[in-house]
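Enquirer: Have a look at the structure that comes next, please.
Protein chains: 2
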Amino acid sequence: MNSYIKRGRVFIENVRPQVDCGRYRVKAVVGDDVRVTADILRDGPDLLQAAIRYRGPSDRRWNEAALTHAGNDVWEGSFSPGEIGRFRYTIEAWTDHFATWRSYLVKRVEAGQVVDLELAEGAGLIEARLPSVPAAHRPVLSAAATAMRGGAAMRGEGDGGTETGGGPAVDARVAAALNPEVAVLMTRHSDRSGAARLTPALELTVDRERARFGSWYELFPRSTGTKIKHGTFRTAVKLLPDIARMGFDVLYIPPIHPIGVTFRKGRNNALKAGPDDVGVPWAIGSKDGGHKDVHPSLGTLQDFDYFVAEAGKLGLEVALDFAVNCSPDHPWVTEHPEWFSHRPDGSIKYAENPPKKYQDIYPINFDTQDKAGLWTELLAILQHWVDHGVTLFRVDNPHTKAFRFWEWAIEEIQRDRPDVLFLAEAFTRPKVMKLLAKLGFTQSYTYFTWRNHKQELTDYLTELSTTDMAEYFRPNFFVNTQDILHEYLQHGGPPAFKVRLVLAAMLSPTYGVYSGYELYERAPREPGSEEYLHSEKYELRPRDFSTPGNLRPYMTRINTIRAKHPALTRLTNLHFHHVDKEHLMAFSKSLPGSDSIVVVINLNPFTSEEGTVDLDLDVLGLSEHRPYEMHDLIGDTTYVWSGRRNYVRLDPQAEPAHVFRVGS
Amino acid sequence: MNSYIKRGRVFIENVRPQVDCGRYRVKAVVGDDVRVTADILRDGPDLLQAAIRYRGPSDRRWNEAALTHAGNDVWEGSFSPGEIGRFRYTIEAWTDHFATWRSYLVKRVEAGQVVDLELAEGAGLIEARLPSVPAAHRPVLSAAATAMRGGAAMRGEGDGGTETGGGPAVDARVAAALNPEVAVLMTRHSDRSGAARLTPALELTVDRERARFGSWYELFPRSTGTKIKHGTFRTAVKLLPDIARMGFDVLYIPPIHPIGVTFRKGRNNALKAGPDDVGVPWAIGSKDGGHKDVHPSLGTLQDFDYFVAEAGKLGLEVALDFAVNCSPDHPWVTEHPEWFSHRPDGSIKYAENPPKKYQDIYPINFDTQDKAGLWTELLAILQHWVDHGVTLFRVDNPHTKAFRFWEWAIEEIQRDRPDVLFLAEAFTRPKVMKLLAKLGFTQSYTYFTWRNHKQELTDYLTELSTTDMAEYFRPNFFVNTQDILHEYLQHGGPPAFKVRLVLAAMLSPTYGVYSGYELYERAPREPGSEEYLHSEKYELRPRDFSTPGNLRPYMTRINTIRAKHPALTRLTNLHFHHVDKEHLMAFSKSLPGSDSIVVVINLNPFTSEEGTVDLDLDVLGLSEHRPYEMHDLIGDTTYVWSGRRNYVRLDPQAEPAHVFRVGS
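Encoded structure:
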């Protein structure tokens, strides 16, 4: 009972942001204004004070930021994390006895009541706090207390009080009590001995900007040679300047390790490989080594270092693929057979999705008796590549590996290297994708690829940007991947490629493009398939990026717009606006101190569409009564719009989208 | 790392019901079907099993109830608590390796694959579980395993398999593997060694039915004498048969303790009492004693015991008022001055809401240095009255006393006496009212009194019945109290009294009436006031309940309807139906195994209203194509309705409401 009693009279409830009762960390980016709200309650009418307390990895003590009462017992405030790493934050709330007393005094004085005893009580409150107040402030408070008790007068600012007889009149005593400086000092140094505090503190992962905002480009280095000559890191380096010039920030490369030969797949996923077939990069491991090694045909580890360094000089970060599975030729098959599952005849189980068999892949058995050995080695692989300059990992199919491994491994890496980021390549059940993000993945692949209609896109983006997913799930919108060529692109031709690029780049702070997109590559392996014909997964696919009419200038323009308009670096500022046509969609992003961007897009790649955009002017800070300029950043044209409703017409053959900077 | 690894591969998330991450208890009633849902996830495609585990106060071990997969990784199930008291419940979930293996076997067999190794693997799974299976079931499993390995054949039900050569054919081995009995046994006895479990368990307060469903009647026993002669428990007993006959379950009586004389209030809240004024029952304490004593004018403690016993014989429970404050004459003022706040001159602080003063009341100081002594004595008071047969407390203004005291005291009382229930009389800020309910109050007063329009009522009831409030906050809808005579009643006359009675009794499982309602008492102290003229708080107010035309028969009818229709015992089954008029409202309650009730009511007490009710037929289990009977239980009339839309006309002077039992 006694320990319970001591917990005081204030309750802190419903603290936001918070993911699953604090079980998982909220995500933010360094410099963000992290807005915190809570319900703070106590019995009776006494006035409260509350503060956010937060602490970054290099803070020696807790910092405080103000919380203020926003009505209905909700308190709100914010803090701005100034470094990357894991932050803790909590809330402290306490009764402000002096402020309560002061508010009552005002009411009593207004009602003309005798307040002698109240003044003496207030003086007592001040005197009780004196030992806890810095020496410099004590004289002001002491003088006030003395004056309130009717001792030597102290004058309130701009307010006198008439002295009568031997002591000051009540007016002067009240003025001393209500001196604003006293109120400020008493609030600043109020007694927190009965304070409530949210325990345990909540946690926040503070990442660098790239965790939220970036333009990704995927490239197979081996395709930078010729049709028959395997590309290398050194030939790949030659493509980097163009990729950087297009405005990309991240270069994602599939696994670079030795590839197995046993059950190697041939071109177009043939069950048997020909002698010249290069194999699938995700079938990792051969006599040349495993996950810490480089495929000899790509070069050496030193060549990889050179590649990473050259990319870095151009402002390109290299994102390496991390695929936790092995070819039958991986060194672990003999060194660590216990890390695999075995069939009754002692053979190692290959990957299956019964009745389908994937005999070129041995999945790792996370239920192995040697979990500690396995986890440690997997972590060592990540650390190995971090030591070679990798700061981003694209993790292959994390949803088929033990979830707890990811939580542990990401935490282990980020403890010393909070700048290292992880992208989850999972296109699985929605709740699994959310869980992976909660467990620590910095970014996530999404269902964007399969959201092509206006309602689908609106619903999905509303979920991503307005539900509690926004606290922990950061989307990376890929317009295509080596595994997904959506039929919208197959059939829609170049206008479809523009549409999906604009959508990805404008809706999501992070988006990605897989090589060949700029050439409108869109032939499926067979009708109805989302696989590419002559997929680069199975063969070399050098490309000629100098073909006329390709999408490179358009990509460059889109990335330039992204770089110049900070509103596009965020997700939760997304707002959809009504358009009266099924295929026309409009949305905007605004950010204080930045231009607003409004996108109007025709989702129909075949036909011109016209309609009326109904802008929520309030969201854009525009007036119903004043015309405003809309600068199309793609066409470099300026339109003058007025009021909510304005006509648009978009011909996909010419230009399927307006990307407007909103003028005034 | 090692302890983390051991936590296994299954995740349990988003468990419902749950109040504030399990910080507070969910509420239910004995015999309820408590529906539990959770997101249950693991990596990969393996099949899961999950169960609710729950444990009541007299259970020696945990019980289990099934959870089944409802799609999208959501699992659902329910359990039914069979006793009152505190229950714990949690969820356990694990991988079902045999079911996973079996589902793959089916696919492999369908695809015509060779399954020898798979059959051996399955046999191994069975054999590994044999030691954990009750002896009676082992032969079936052993035989299956043997057959699967190609030993002595075991026949699947209705399926043979051709024996060839020395052993059974694959068909027979497969049939043995797919034997449904084997599947059932392997699931029932599956390996839970890697099970995930929600910890700590969640908690559930299981109350008796009266916690949710009941009809309250408030009576001042002192008004059961004459205008000048103080009523007693023995005169009050004479009114009990009529109250019971009206169908009420609970008799709430204001404080019965000695009343202070210092600063005693006079009639109509006069600052000075006359010599004959009886004082306010909430100004507790005099030379005759304090909270454990009975006002001498009401009788003795033995008289109170007699009153409680007589009420009990009539099926009426007595709810006693618990008001934690004192008159200046309370024994504690001299015995425990440290339990009060003091002014600088040493005098005890009276109650104030500056600039208003309430000098007849000394509030308790919950910040006293002797918290333990104070809390212990307050608990002893509750225990004292429990020992005298009180099983319900109506707690006066709990929001002005330390919240933690309530949490502690309710828990202390209910540990031994879980049948004792607490009603919070708080009409304060919404989040404070919610917190009191979370902290343990069984029931709560509400804002119902001030919700008189259709939209207000719909919004408020939607909040109460569909948000997470429904898990912990049980409304008690009082149509009036000794403190609140709403202007709707003041102006609306008898029809208004019927309207509010029907709304309270049909919308909320628990509702209450304060004495005099049946006589349409509606004179305010002054225009604009919600106080009664000649309020019973300050004077004796004997009543003649035999006046013709009073509301007693109507109340009796309403309570009879409530008693006969179990759908009215619940809140979360409330459903509003559209009516095309502002003053006409329609709602229904349904419960499996009970008739549905549909209420159509005219909220305008002055004028007839007609309109079209648009019933959600699905909710009522009715067909668009078949007429159905609507039996009006107030007017004893049957209407035949058909389809969704039906005409109604309600004249408030005749009958402002239809309360229909839905026929078929």
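Going down the list, the protein sequences come from chains F and Z.
Per numbering that gives the first Met the number 0, the first sequence starts with residue 0, numbered consecutively.
Per numbering that gives the first Met the number 0, the second sequence starts with residue 0, numbered consecutively.
Cβ atoms here follow ideal geometry from the backbone N, Cα and C, with glycine treated the same way.
These numbers come from a predicted model, not from an experiment.
With burial defined as no fewer than 16 other Cβ atoms inside 10 Å of the residue's Cβ, what is the status of F/Val-205: buried or exposed?
Expert: Looking at its Cβ environment, which holds 16 or more other Cβ atoms inside 10 Å, F/Val-205 is buried.
Enquirer: Tell me whether F/Thr-375 is buried or exposed, calling it buried when 16 or more other Cβ atoms sit within 10 Å of its Cβ.
Expert: With fewer than 16 Cβ atoms within 10 Å of its Cβ, F/Thr-375 is classed as exposed.
Enquirer: Suppose the cutoff is 8 Å on Cβ atoms and the five residues either side in sequence are ignored; what does the same chain contact list for Z/Leu-124 look like?
Expert: The residues are His-96, Phe-97, Trp-100 and Met-185.
Enquirer: Could you tell me whether any Cβ in chain Z is nearer than 8 Å to the Cβ of F/Lys-370?
Expert: Closer than 8 Å to some Cβ of chain Z, the Cβ of F/Lys-370 qualifies, so yes.
Enquirer: Can you tell me which of the three DSSP states Z/Phe-605 falls into?
Expert: Three-state DSSP puts Z/Phe-605 in coil, outside helix and strand.
Enquirer: Under the assumption that F/Gly-662 contacts F/Met-629 (Cβ atoms under 8 Å), give the Cβ distance between them as a whole number of angstroms.
Expert: The Cβ separation is near 7 Å, so the contact holds.
Enquirer: Using 8 Å as the limit for Cβ to Cβ distance, is F/Cys-325 near chain Z?
Expert: No - not a single Cβ of chain Z is within 8 Å of the one on F/Cys-325.
Enquirer: By the criterion of Cβ-Cβ separation under 9 Å, what are the contact partners of F/Ile-4 in chain Z?
Expert: Under the 9 Å cutoff, chain Z gives Lys-370, Ala-371, Trp-374, Ala-401, Arg-403, Phe-404 and Trp-407.
Enquirer: Note the first and the last residue of the continuous alpha helix (DSSP H) segment covering Z/Gln-301.
Expert: 300–312 is the span of the alpha helix (DSSP H), which, as asked, contains Z/Gln-301.
Enquirer: Give me, in chain order, the residues of the same chain whose beta-carbon lies closer than 6 Å to that of Z/Ala-522; leave out the 5 immediate sequence neighbours on both sides.
Expert: Cβ neighbours of Z/Ala-522 beyond the five flanking positions: Leu-532.
Enquirer: Step through the CB atoms of chain F and report whether any lies within less than 8 Å of the CB of Z/Asp-19.
Expert: By this cut-off, Z/Asp-19 is an interface position.
Enquirer: Measure the beta-carbon distance from F/Ile-412 to F/Val-385 and round it to whole angstroms, keeping in mind my assumption that it falls under 8 Å.
Expert: Going by Cβ atoms, the distance from F/Ile-412 to F/Val-385 rounds to 7 Å, so yes, they are a contact pair.
Enquirer: Where Z/Pro-493 and Z/Tyr-519 are concerned, what is the direct C-alpha to C-alpha distance, given to the nearest angstrom?
Expert: Cα to Cα, Z/Pro-493 sits roughly 6 Å from Z/Tyr-519.
Enquirer: Pull up the distance between the alpha-carbon of F/Ala-668 and that of F/Val-139, whole angstroms please.
Expert: With chain F running from 0 to 663 in the structure shown, residue 668 of chain F is simply not present.
Enquirer: Pop quiz: F/Asp-275 and F/Tyr-537 are said to be a contact at Cβ under 8 Å. What is the actual Cβ separation, rounded to whole angstroms?
Expert: Their Cβ separation, rounded to whole angstroms, is 11 Å, which puts F/Asp-275 and F/Tyr-537 out of contact at 8 Å.
Enquirer: Short check: CB of Z/Leu-197 to CB of Z/Thr-89, under 8 Å?
Expert: A contact, by the Cβ cut-off of 8 Å.
Enquirer: Taking CB distances under 8 Å as the criterion, tell me whether F/Glu-126 reaches chain Z.
Expert: For F/Glu-126, the answer is no, since every Cβ of chain Z falls outside 8 Å of its Cβ.
Enquirer: Any beta carbon from chain F within less than 8 Å of Z/His-398's own beta carbon?
Expert: Yes, contact with chain F.
Enquirer: By the three-class DSSP mapping on this structure, what secondary structure does Z/Met-245 have?
Expert: In the structure shown, Z/Met-245 sits in coil (DSSP, three-state: anything other than H, G, I, E or B).
Enquirer: Taking buried to mean at least 16 other C-beta atoms within 10 Å of its own C-beta, is Z/Cys-20 buried or exposed?
Expert: Exposed is the call here.
Enquirer: Exposed or buried, what is F/Lys-228 when buried is set at 16 or more other beta-carbons lying within 10 Å of its beta-carbon?
Expert: Exposed: under 16 other Cβ atoms inside 10 Å.
Enquirer: With DSSP as the reference, identify every bridge partner of F/Glu-75, one or two as the case may be.
Expert: Answer by DSSP bridge pairing, in chain order: F/Thr-36 and F/Thr-67.
Enquirer: Does DSSP put Z/Asp-320 in a helix, a strand or coil?
Expert: Three-state DSSP puts Z/Asp-320 in a strand.
Enquirer: Kindly list the residues whose CB is nearer than 6 Å to the CB of Z/Leu-570, restricted to its own chain and excluding five residues on each side of it in sequence; keep chain order.
Expert: Excluding residues within five positions, the ones whose Cβ falls inside 6 Å are Ser-464 and Pro-508.
Enquirer: Quick one: does Z/Glu-12 have its CB under 8 Å from some CB of chain F?
Expert: Yes, Z/Glu-12 lies at the interface with chain F (some Cβ there is under 8 Å from its Cβ).
Enquirer: Please list the terminal residues of the continuous beta strand (DSSP E) segment that includes Z/Ile-573.
Expert: First, the residue type needs correcting, since residue 573 of chain Z is Leu and not Ile in the sequence shown. Segment 573–578, the beta strand (DSSP E) holding Z/Leu-573.
Enquirer: For F/Tyr-250, does the three-state DSSP call read helix, strand or coil?
Expert: It is Leu, not Tyr, that sits at residue 250 of chain F in the sequence shown. Strand.
Enquirer: Helix, strand or coil for F/Ser-340, going by three-state DSSP, please let me know.
Expert: Of the three classes helix, strand and coil, the one that applies to F/Ser-340 here is coil, per DSSP.
Enquirer: Specify the secondary structure class of F/Gly-160 as computed by DSSP and reduced to three states.
Expert: With a pLDDT of only 40 at F/Gly-160, under the threshold of 50, the placement of this residue in the model should not be trusted; the figure read from the coordinates follows. Three-state DSSP puts F/Gly-160 in coil, outside helix and strand.
Enquirer: Who are the near neighbours of Z/Pro-230 in its chain, counting only those whose CB is closer than 6 Å to its CB and skipping five residues on each side?
Expert: The amino acid occupying residue 230 of chain Z in the given sequence is Gly; Pro does not appear at that position. Cβ neighbours of Z/Gly-230 beyond the five flanking positions: Pro-220, Arg-221, Ser-222, Thr-223 and Gly-224.
Enquirer: In chain Z, which residues lie with their C-beta within 7 Å of the C-beta of F/Asp-38?
Expert: Near F/Asp-38 (Cβ distances below 7 Å), the residues of chain Z are Lys-430.
Enquirer: Just curious, the beta strand (DSSP E) that F/Val-9 is in, first and last residue?
Expert: Segment 9–15, the beta strand (DSSP E) holding F/Val-9.
Enquirer: Under 7 Å between beta-carbons, which chain F residues line up against Z/Ala-119? List them in chain order, please.
Expert: Within chain F, the residues near Z/Ala-119 are Pro-343.
Enquirer: In the DSSP assignment, find the beta strand (DSSP E) that holds Z/Asn-558 and state where it starts and stops.
Expert: Element bounds for Z/Asn-558: not the beta strand (DSSP E) but the alpha helix (DSSP H), 551–563.
Enquirer: Is there at least one Cβ from chain Z nearer than 8 Å to F/Arg-107's Cβ?
Expert: True, the Cβ-Cβ gap to chain Z drops below 8 Å.
Enquirer: Using a Cβ-Cβ distance cut-off of 8 Å, determine whether Z/Arg-15 contacts chain F.
Expert: By this cut-off, Z/Arg-15 is not an interface position.
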